[in-house]
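What follows is a short report on a single structure.
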Amino acid sequence: MAGTPNPRCVSDLLILWGWEYDADFVAMLARACAMRNVSTCVCGIDELAQLPAWLDSGEIRARVGLDRVWDWGGEYERHIEAMQRNVPWMVNDYARVRRAWNKLTMHMTLIAHGIYAPHLILLPSYEEQPNLPRVNLSPLGGRFSVKSVHSGGSGVLAPVTRWEDVLAQRLEWPGEQTILQAWVEPKLLGKRRAWFRVFYACGSTFLCWADDRTHVQEPVSPEDESRYQLSILRGLAQQIAGLCELNLFSTEIALDQHNLWQVCDYVNEPCDFRLKSTAVNGVPDEVVATICDRIAGWVKRRAQAAH
1 MAGTPNPRCV
11 SDLLILWGWE
21 YDADFVAMLA
31 RACAMRNVST
41 CVCGIDELAQ
51 LPAWLDSGEI
61 RARVGLDRVW
71 DWGGEYERHI
81 EAMQRNVPWM
91 VNDYARVRRA
101 WNKLTMHMTL
111 IAHGIYAPHL
121 ILLPSYEEQP
131 NLPRVNLSPL
141 GGRFSVKSVH
151 SGGSGVLAPV
161 TRWEDVLAQR
171 LEWPGEQTIL
181 QAWVEPKLLG
191 KRRAWFRVFY
201 ACGSTFLCWA
211 DDRTHVQEPV
221 SPEDESRYQL
231 SILRGLAQQI
241 AGLCELNLFS
251 TEIALDQHNL
261 WQVCDYVNEP
271 CDFRLKSTAV
281 NGVPDEVVAT
291 ICDRIAGWVK
301 RRAQAAH
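All the letters of the sequence shown, read from the start, carry residue numbers 1 to 307 under this note's numbering.
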């Protein structure tokens with residue numbers, strides 16, 4: 001891919017990536033940057049081991065970083081300290097992302113600021129309490145989702161109904177606490193389920209219908225936004241951005257049967273930016289393209305400020 005690191009690579013934006021399905025997004029972002037005369041340097045997983053030395057020696061220099069691989073953990077996060085030493089700006093600050101990954105923290109933060117979120121129950125980790133006594137699930141209603149307390153990009157998972165489902169799923173993250181979250185059954189707006197994925201990118205918001213059953217995403221048209229008064233979603237996303245202090249994330253919001261807007265999946269970072277043209281449940285291509293343009297504009301402003 002154009003922009004692969006080489007000695008003396010100096011750029012406005014350093015992009016780190018590893019997931020094979022990120023290739024289209026990374027290429028689209030690089031093109032958006034080129035259109036704004038923003039230089040990019042792209043580093044894949046094969047270069048990650050050398051990245052700290054390159055950064056500390058000055059062979060690679062960048063004003064802004066976008067890291068889409070560190071959430072893998074282990075060897076894929078060993079470059080973080082070098083990034084913090086050498087890259088003045090991050091699209092999303094590492095410490096702020098870690099805070100946003102904690103679903104209990106974000107739940108309490110949203111509630112404290114008047115944002116509705118489904119009722120939840122916190123369970124100890126399997127390692128802390130292997131033999132977990134049965135918990136009263138009635139406050140959750142008939143269906144609920146089961147998640148690790150630290151899960152930044154999991155999105156909305158299929159609901160379960162039984163205590164046995166809880167015991168089985170908590171084994172998938174034995175060192176993490178488990179969250180049980182009440183399931184929201186969305187209203188119908190016209191013929192669509194009122195479940196939305198809202199992307200926030202550097203001050204701008206992008207609304208997509210996101211069917212909670214099929215996970216198929218479609219852009220919200222200006223007509224639908226006006227007809228169903230969906231601009232409230234933009235306000236909620238802006239409010240969440242102010243609370244989590246991230247520049248790039250998505251959130252999932254549903255209109256429940258009582259006409260309350262519920263934030264069901266608080267902050268997803270990194271976002272899944274697979275394109276709809278290549279994946280049935282991907283993000284509409286035009287939405288991703290505009291998000292890339294917003295990122296490029298943000299990076300350009302930071303780069304200019306550094307001069």
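Just so you know, even glycine gets a beta-carbon here, dropped at the ideal spot from N, CA and C.
Residue of the options minimising C-alpha distance to residue i
i      : options                        : result
GLU59  : TRP72, VAL69, CYS41            : CYS41
VAL280 : GLN217, ASN37, TRP173          : GLN217
ALA312 : ALA289, HIS113, CYS208, ARG36  : Since the displayed the chain opens at 1 and closes at 307, residue 312 lies outside it and no answer follows.
TRP101 : LYS276, ILE111, VAL267         : VAL267
PHE273 : PHE249, ALA241, HIS79          : PHE249
ASP211 : TRP261, TRP195, ARG78, ASP224  : TRP195
CYS271 : PRO52, CYS43, LEU66, ALA34     : LEU66
GLU75  : ARG98, ALA49, ALA305           : ALA49
PRO312 : TRP183, VAL184, SER148, LEU189 : Residue 312 falls outside the range modelled here, since the chain spans only 1 to 307, and no answer is possible.
TYR94  : ILE111, GLY73, LEU110          : GLY73
LEU110 : LEU275, ASP285, PRO284, THR251 : THR251
GLU269 : ASN259, ALA112, HIS150, LYS276 : HIS150
GLU128 : LEU171, LYS191, CYS43          : LEU171
HIS113 : ASN259, ASP285, GLY242, ASP293 : GLY242
Pair within 9 Å by beta-carbon distance, residue i and residue j
i      : j      : result
ARG61  : ASN92  : no
SER57  : VAL10  : no
ILE45  : LEU29  : no
PHE308 : ALA237 : Since the first and last residues shown for the chain are 1 and 307, residue 308 lies out of range.
LYS300 : ASP24  : no
PRO186 : ARG193 : yes
PRO118 : CYS264 : yes
ALA201 : ASN136 : no
MET83  : LEU55  : yes
LEU120 : GLN177 : no
LEU132 : ILE179 : no
ALA32  : ILE240 : no
PRO52  : GLU81  : yes
GLY203 : TRP298 : yes
ILE232 : TRP209 : no
ARG99  : MET108 : no
LEU188 : ASP224 : no
Whole-number beta carbon distance between residue j and residue i, since they are thought to touch under 8 Å
i      : j      : result
VAL287 : PRO222 : Between PRO222 and VAL287 the Cβ distance is about 14 Å, and since that is not below 8 Å, they are no contact.
ILE115 : PHE206 : At roughly 19 Å, the Cβ-Cβ gap does not stay under 8 Å, so ILE115 and PHE206 are not in contact.
VAL69  : TRP17  : 6 Å
ARG63  : ALA306 : 5 Å
VAL184 : ASP256 : 5 Å
Inter-stretch contact (C-beta, 8 Å, three-pair minimum) for the region 158–165 and the region 131–147: yes
Minimum length 4: unbroken alpha helix (DSSP H) runs contained in the region 53–87: 80–86
The region 166–179 in contact with the region 228–242 per 3-pair CB rule at 8 Å: no
Cβ pair count under 8 Å reaching 3, the region 270–285 against the region 121–135: no
In chain order, each beta strand (DSSP E) run of at least 3 residues that lies wholly inside the region 222–296: 248–255, 261–268
Runs of beta strand (DSSP E) lying entirely within the region 12–54, each at least 3 residues, in chain order: 40–43
Runs of beta strand (DSSP E) lying entirely within the region 85–172, each at least 3 residues, in chain order: 120–123, 144–148
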